[in-house]
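A quick write-up on the structure given underneath.
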Amino acid sequence: QVQLVESGGGLVQAGGSLRLSCAASGSIFSASTMYWYRQAPGQQRQWVAFITNGGRRNYADSVKGRFTLSRDNVKNTVYLQMSSLKPEDTAVYYCAADVLTTGTMDYWGQGTQVTVSS
């Protein structure tokens with residue numbers, strides 16, 4: 059059974075920083091492309107960033123230059139460093155794993171709330 063467990067969310071003032079973590083159990087992590095998504099109240103879930111098993115990264119335009127994604131294949135953990143946070147970054151953040159690199163998420167975490175106050 060694969061589990062993804064996010065942590066690191068919280069309340070921060072605009073301009074501040076947070077680091078989210080997503081720890082994966084099971085043997086799938088090193089092979090997977092790992093994603094972060096977010097969902098604000100009343101809005102659809104949107105893609106934030108991904109990192110491939112080879113370390114290639116891509117970011118949504120809304121977070122480019124402010125968020126940095128990294129992974130530790132020994133700890134089976136992916137990190138989302140968020141800086142210069144804005145109130146519009148407020149959302150529940152989810153990590154997800156695409157094991158076969160199909161673009162379809164195979165596993166999801168439970169989410170962690172990030173709230174940015176103005």
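Numbers 59 to 176, taken from the working numbering, label the letters of the sequence shown in order. Glycine residues also receive a C-beta, built at the ideal position from the N, C-alpha and C atoms.
- When C-beta atoms of the segment 84 to 91 are compared with those of the segment 157 to 165, three or more pairs fall below 8 Å, so the two segments count as touching.
- One alpha carbon belongs to R114, the other to V63, and they sit about 22 Å apart.
- Beta bridge pairing from DSSP links D130 with T135.
- Judged by DSSP in its simplified three-state form, S120 adopts coil rather than helix or strand.
- Per the DSSP secondary-structure output, R77 pairs in a beta bridge with Q139.
- Contact annotation, V136 with R129: C-beta distance approximately 5 Å; criterion of less than 8 Å satisfied.
- Of the candidates L69, T159, A81, A107, the residue whose Cα lies closest to the Cα of K144 is L69.
- Membership of F108 in the beta strand (DSSP E) is indicated by the continuous run 104 to 109.
- Residue state for A82 is assigned as strand, using DSSP reduced to three classes.
- When DSSP states are grouped into helix, strand and coil, D164 belongs to the coil group.
- With contacts defined by Cβ atoms closer than 7 Å, L78 and Y151 form a contacting pair.
- In the structure shown, S65 adopts extended strand secondary structure according to DSSP, grouped into three states.
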